[in-house]
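S.K.:
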Amino acid sequence: MTHDHSYVEDFASGANVLPPRAWLDDDSGRLPLSGDWSFRLSPTVADAPDDLKDPDTSGWDTLAVPGHWQLNGYGAPAYTNIVYPFPLEPPYVPTENPTGDYVRTVTVPADFAGAKVVLRFEGVDSRFAVYVNGEWVGWSSGSRLASEFDVTDLVAPGKEARIAVRVHQWSTGSYVEDQDMWWLSGIFREVNLLALRPDAPTDVFVKAAWDHVDGAGTLLVESDVPGTVTVPELGLELPTGEHTRVQGVQPWSAEAPRLYDAVLRTAGGEVRLRIGFRTVAIVDGIFTVNGNRVLFNGVNRHEFHPDRGRSLTEQDMLDDVLIMKRAGINAVRTSHYPPHPHFLSLCDEYGLYVIDECDLETHGFGYEPQPPKLPNPVMDERFRDDLVDRMRRTVHRDKNHPSIVIWSLGNECGMGDNLKAMYDLVKELDPSRPVHYERDTEAEWVDIYSRMYTSPEGCAEIGADSSLYRGIPFILCEYGHAMGNGPGGLVDYREVFEKYPRCQGGFIWEFIDHGLRTTIDGREVYAYGGDFGETIHDGNFVCDGLLFPDRTPSPGMHEYIKVIEPLRIVADGNRVSISNRYEVLDTGHLTFRYAVETEGSQVDSGTLTVPVIAAGETVTVDLPSVDASKPETWVTVTAELSEATSWADAGHRIAWGQIRLDEPAAADGVVSGAPAVGDAGIAGISVAGVQNARLDVWRAPIDNDAIPGVAAGWREDGLHRVQHRVVSQGERDGAWEVVTRTAPPALQWGLRSTWRWTAVDGGVVLELSVVPEGLFPEVLPRLGITFELPKVQQVEWFGTGPNEAYVDTREAAAVGKYAATVAELQTPYVRPQENGHRIDTRWAQLDGLRIEAVDQLFGLTVRDWTSADLENAKHTADLVPGDTTYVTLDLAQTGVGTAACGPALPDRDKLKTAPAALTLRFTTA
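Okay, here's the thing in C-alpha cells:
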C-alpha cells in the first residue's frame, strides 16, 4: 500500500466522513477507546513509514489518549496570538510537519452484530487519516469538531480490530485555526466505537419554547427515526414530529435552569433527553430570554489545563462551571471553538448562557487584506466548503442544548462572502437562535452587534443612539482584558450596561491563564510563549485570565465577582438600599446578615430583616441601632444562600455592601515633639528603625504598562533610574528636616522632597511634602517612600483587603483588620510585575514596627525583594526572599486599567505629577 498524503494540503474538510448529527445520550453500544495507544512520531510526512496496513508496533512508544504529544515529551508546545508559525501560502504547509501514528487493537463486542459500527472522534488536532484492519477509511479536519466513520464492513463483532490513526500537526486546516492559544497536536478528546442499531434514532432535534405571556410551553422533537417521546414529570407522551403545547411548565434560564427528563423511544433504541423550555428573541432591539432582558456577565473560555493542555477531564469541566456559578458569572463564550459537549451539558444543568463559537479564526492574515496580499480564508472561495461545513458540524452537534442562546461564526477573520454563507446556513438549520460575529463591524447581516475592547464611553455612544448599527442588541464579546495585574475600571462598564438597555453586557477576556506547568533550571514554573525555545511567539499574552493556571482566583476575579454581583447594597442616608439585579429570581433564597466593626473589631452582628425583593426592584430597610460615635465604625451587609444549591453550600456569599456610619474626623495638623535623630546619606534616610528611606516613583511594569508602550514612555522620562541627592539636613522648627531631590540623569526635572522627622512618644512622625520642578512628566507610576526592614514575618493592617487593590480595582476591597505573612501578600502573576498594593491603609504593624496614617491614608506594599528584582524576573520562581523586607508606602499610584489589549487608562486613574504631602507616625514595640 502506497499512502497518498495529498489530503494534508486539501481544501476540503474530509473524505468518507459521515454527515454531522447531534451529540446524544443514547443506548447505542459503546466501546471507549481512551487509554494507552502505541505511538510513533515522525519529523515529516515523508518520513512517516508506509506501514499502517500491518504495522509492527513492538518498538513503538505508548501514549495516552486523549492527550497532546507535545505535553508528553514529543516536540514542544508553541504559542502565538496572531501570527502563524509557518509561511502563509495556502494550501501548503511546511515540509517539517510532525506526524504521529497511533495504533490500538481492540476486540469488537459480539453484541455489535447487526449494528452499523461507527468510529467517532471528538477532537483531533489538526488533520488525521484512519485505517481499520489495514484498510484506509477516510480523513477529517476541524480539530475541535466531531468526526465519524462507518467501519461496519471492516470489522467483525467478536473479533479483534486494529485501528490506526495518522495525525499531522500542520494541514490546510491550520490556516483557519489561528485561535490565540498553544499549538498542540494529537488525539486530545475521546474516541469511541459505536454500534448504531437498525431503527435506532441517531439524530434528534429538540425544539422547546416557552411563552412568557401565558406561561405555556411548546415542544417538537424531530428524529431521523420516528418514535415516541415521553416526559414523565409532565405526564406527556407524543410522537416525534408533532408540535405540542404544554401547560404549566417552568422555563429554563441561567438563573433557574429547569430541565425536564424525557426519553425518545423507537423500535431500535432510545435517547435520553434533557429538555429546557425557553425562548430566545430580539424585541425592539433587546436580546431577551423568556421575555426578559439579559445582561451578560460573561467570560471567554478556552479549554485549558496546565498539565493536559486542551485535553480536559469531566471534573475539569465541572470545576469550571462551579467556579463560574459561585462567582455570579452567567454566560460563557466558547472561544474560539465548540467545547467538549459534556461542558455544554453542564451549562444546561447548572445554568449558564452560552455563545457557541465555530472552530474558526484567521487573524494572522489580517482583516480584509488587499492585493498583493493573500486574501483572508473567509474571502477565499477555496475555503468556502470547509468553513460552511465547520458551521454545519457545530450546529448539528450542539443544537439540543438550551444553554446555547447564540451561535457565533468564529473569531477575528475580517469579512468575506464565506462568512455570509455560514450565516445563511445557520438561519436555515436553526432560525430560533440569533447569530453573532464580531468583525461584521457595520452590522450588515449579523443579529447581534458586537465589539471588542471598546471603551465605556464608546459603549455609551452606541447605547444612546438606537439608529446605529440597525438598532440590534450590542455586546462586548471581549473586554476587561485580564492580563497580569488587572482588569481595572470594570465598574465603568457596569454603569453603561445598566443605563442603556441595548448594551447587554459582555465577556471578560479571559477565564484562565494558559500557563503550562514545566520545569526550568530545576524550578517548577508556569511557562508562556518563548519558554519552549520558539523563534516566533507572543510571550505571556497567553496568560490573561481571571484564574491562575491552577484555577485559583486572581485579584481580577475577585473584582469581577464584586462588580457583577446580582444585588446592589449601598447606603441610603442612615438606611441601606438593596437592589435586585437578577434577571428572574427574587431574593427569597437569600439570608441577609450584618456585622458592625469599629476600627476593625466586631462589636455587633445579626440577621437583617429584608422583605423578598422581586427581580428589578429595590427596597430600603433600617440598619440596626449602632453607636456611631466611635471612629471607623462600619456595617457590612451580606446576602448569602439560605440553603445549599447544586453549585454552592448554604452560607455562600452572593453579594455584600459596606457602609461607614461615623463621620470621619479631621486630622490634627499640629505635630509637637523634638527633632528626631537620624542619618541621611547615599543609601537614603535612616531613622527610628526605618532604614534607607527614599522617594519611590517606579513600579515593576504591569502588562498594561508594558505592552501599550506606557512604561516605555516612563523610561523616556527617566522614571526607572532616578538618582537621589541630599540637598540639606538639620534641625528646623522643632524637627529634623531633610531635603532631597529625586531626578533622572540627563533630564531637567526633579522632585524636591522635604522630610520633617519629629520624635514623639515611642517613635517619630514624618511630615513629607513633595514638589515637582522643571520639565517634569505628566504622569508618575507611583509616588511613595520605600524603606528597608530586617526580614518581616507577619503583617497586620487596618484598611482595605484582604486582596490587593488599586485606584481602579477597589470594588472588592473591604475595610477591615487583616493579617498575613509577607509571602501571602504577594500575587503570583505568571509574569512577575507590580502587585500586592493595599490602597487606603489606616495603619500597619510589621513585626515590631507600627505605621499609622496621620492625615491622608496610604497604600501599603510589603515584599521580600526589590522592585528591580520583580521587574527582572521572568517567572515567580525567580524571586527568592533574602534577609531584608522592602516596604513601600504610597501617597498614590497610577491605576492598572486594561491597556494591554483595550482602551487607554482614563485620566481619572492616572497619577498626575503635582505637589503632594503625607504625614505618618512610626512607633516601635
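In this note's numbering, each number is its position in the sequence shown, counted from 1, plus 80. Think of the CB as a built atom: it goes at the ideal place given N, C-alpha and C, for glycine as much as any other residue.
#1: Going straight from the alpha carbon of Glu847 to that of Thr999, what length do you get?
#2: Would you call Gln803 buried or exposed, if buried means 16 or more other Cβ atoms sit within 10 Å of its Cβ?
#3: Please determine, among Gly696, Thr671, Gly668, Asp707, the residue with the shortest C-alpha to C-alpha distance to Asp684.
#4: Would you mind sorting Asp545 into buried or exposed? The rule is 16 or more other CB atoms within 10 Å of its CB.
#5: Whose C-beta lies closer than 6 Å to the C-beta of Val850 among residues of the same chain, with five residues either side of it excluded?
#6: Leaving aside the five residues before and after His617 along the sequence, list all residues of the same chain whose C-beta is less than 7 Å from its C-beta, in chain order.
#7: Going by the DSSP bridge assignment, what does Pro337 pair with across the sheet?
#8: Note down the Cα distance separating Pro189 from Ala241, rounded to an integer number of angstroms.
#9: On the DSSP letters alone, give me the boundaries of the alpha helix (DSSP H) that Gly543 sits inside.
#10: Is Gly975 buried or exposed, if buried means 16 or more other CB atoms sit within 10 Å of its CB?
#11: Thinking just about the alpha-carbon of each residue, which of Lys500, Ile435, Asp428, Pro419 is nearest to the one in Pro457?
#12: How is the beta strand (DSSP E) around Glu215 delimited, first residue to last?
#13: Which residues bound the alpha helix (DSSP H) around Ile641?
#14: Let's see if you can read the secondary structure: which residues bound the beta strand (DSSP E) around Met459?
#15: Could you spell out where the alpha helix (DSSP H) holding Val784 opens and where it closes?
#16: Given a cut-off of 8 Å on the beta-carbon distance, is the pair Gln584 and Val818 in contact?
#17: Looking only at its own chain, which residues have a Cβ that is under 7 Å from the Cβ of Asn370, when we skip the five neighbours before and after it?
#18: Quick check: is the beta carbon of Phe938 nearer than 8 Å to any beta carbon in chain C?
#19: Out of Pro908, Arg462, Asp136, Ala275, which one is the CA nearest neighbour of Gly349?
#20: Using alpha carbons as the reference points, say which of Asp105, Glu492, Pro514 lies closest to Ile355.
#21: For Asp258, which beta-bridge partners are listed by DSSP?
#22: Any chance you could list the beta strand (DSSP E) runs of at least 3 consecutive residues sitting entirely within the segment 671-706, in chain order?
#23: Whole-angstrom Cβ separation of His917 and Tyr898, contact assumed at under 8 Å?
#24: Within 10 angstroms of its Cβ, does Asp987 collect 16 or more other Cβ (buried), or is it exposed?
#25: Would you mind reading off the limits of the alpha helix (DSSP H) that contains His476?
#26: Need the endpoints of the beta strand (DSSP E) that Gln874 sits in, please.
#27: DSSP has Cys583 in a bridge; who is on the other side?
#28: Going by other Cβ atoms of all chains shown within 10 Å of its Cβ, with 16 needed for buried, is Ser709 buried or exposed?
#29: State the CB to CB distance for the pair Leu264 and Leu353, rounded to an integer number of angstroms; the pair is presumed to be in contact (CB under 8 Å).
#30: How long is the line joining the alpha carbons of Glu89 and Arg207, rounded to whole angstroms?
#31: Just to confirm my understanding: we take Asp593, look at its own chain, exclude 5 residues before and 5 after, and list those with CB closer than 6 Å. What are they?
#32: Quick check on DSSP: helix, strand or coil for Gln327?
#33: State the Cα-Cα distance for the pair Ile555 and Thr442, rounded to the nearest angstrom.
#34: Which value, in whole angstroms, describes the spacing of the CA atoms of Pro421 and Val664?
#35: Find the nearest neighbour of Gln925 within the set Gln913, Gln936, Gln874, Val934, judged by alpha-carbon distance.
#36: With DSSP collapsed to three states, give me the class of Asp987.
M.R.: Straight from the coordinates:
#1: Pairing Glu847 with Thr999, the inter-Cα distance amounts to about 4 Å.
#2: Gln803 comes out exposed.
#3: Comparing Cα-Cα distances from Asp684 to each of Gly696, Thr671, Gly668, Asp707, the minimum goes to Asp707.
#4: That one is exposed.
#5: So the qualifying residues of the chain are Leu831, Ser833, Ala996.
#6: Leaving aside the five residues that flank His617 on each side, the residues in its chain whose CB is nearer than 7 Å to its CB run, in chain order, Ala158, Tyr159, Thr160, Gly609, Gly610.
#7: According to DSSP, residue pairing for Pro337 in a beta bridge involves Trp332.
#8: Taking the straight line from one Cα to the other gives about 10 Å.
#9: For Gly543, the enclosing alpha helix (DSSP H) stretches over residues 536-544.
#10: Buried is the call here.
#11: Of Lys500, Ile435, Asp428, Pro419, the smallest CA-CA separation from Pro457 is found for Lys500.
#12: Judged by DSSP secondary structure, Glu215 falls within the beta strand (DSSP E) whose first and last residues are 215-221.
#13: 635-644 is the extent of the alpha helix (DSSP H) around Ile641.
#14: Met459: not part of any beta strand (DSSP E); DSSP gives it neither H nor E.
#15: Reading off the sequence shown, one finds Asn at residue 784, where the question assumed Val. Element bounds for Asn784: 783-786.
#16: In this structure, Val818 does not lie closer than 8 Å to Gln584 by Cβ.
#17: By the criterion of a C-beta distance shorter than 7 Å, Asn370 is surrounded in its chain by Trp290, His292, Pro331, Ser333, Arg358, Thr359, once the five residues flanking it on both sides are discounted.
#18: In the structure shown, chain C does not exist; there is a single protein chain.
#19: Here the closest residue by C-alpha is Ala275.
#20: Nearest C-alpha to Ile355: Asp105.
#21: Answer is Thr442.
#22: Taking 3 residues as the minimum length, the beta strand (DSSP E) runs contained wholly in the segment 671-706 are 681-687, 698-702, in order along the chain.
#23: With 8 Å as the limit, His917 and Tyr898 do not qualify as a contact, their Cβ atoms being about 14 Å apart.
#24: Result: exposed.
#25: His476: member of the alpha helix (DSSP H) spanning 464-478, first to last residue.
#26: Following the DSSP letters along the chain, one finds Gln874 inside the beta strand (DSSP E) bounded by residues 874-881.
#27: Residue pairing by DSSP places Cys583 opposite Phe554 in a beta bridge.
#28: Around the beta carbon of Ser709, a 10 Å sphere encloses fewer than 16 other beta carbons of the protein chains shown; the residue is thus reported as exposed.
#29: At roughly 34 Å, the Cβ-Cβ gap does not stay under 8 Å, so Leu264 and Leu353 are not in contact.
#30: Distance between the alpha carbons of Glu89 and Arg207 is about 10 Å.
#31: Excluding sequence neighbours, Asp593 sits near Cys623, Gly625, Phe628, Pro629, Val910.
#32: Note: Gln327 maps to coil in three-state DSSP.
#33: For Ile555 and Thr442, the distance between alpha carbons rounds to 22 Å.
#34: When rounded, the distance between both Cα atoms is 27 Å.
#35: Ranking the options by Cα distance to Gln925, first place goes to Gln874.
#36: Looking at Asp987 - three-state DSSP - the assignment turns out to be helix.
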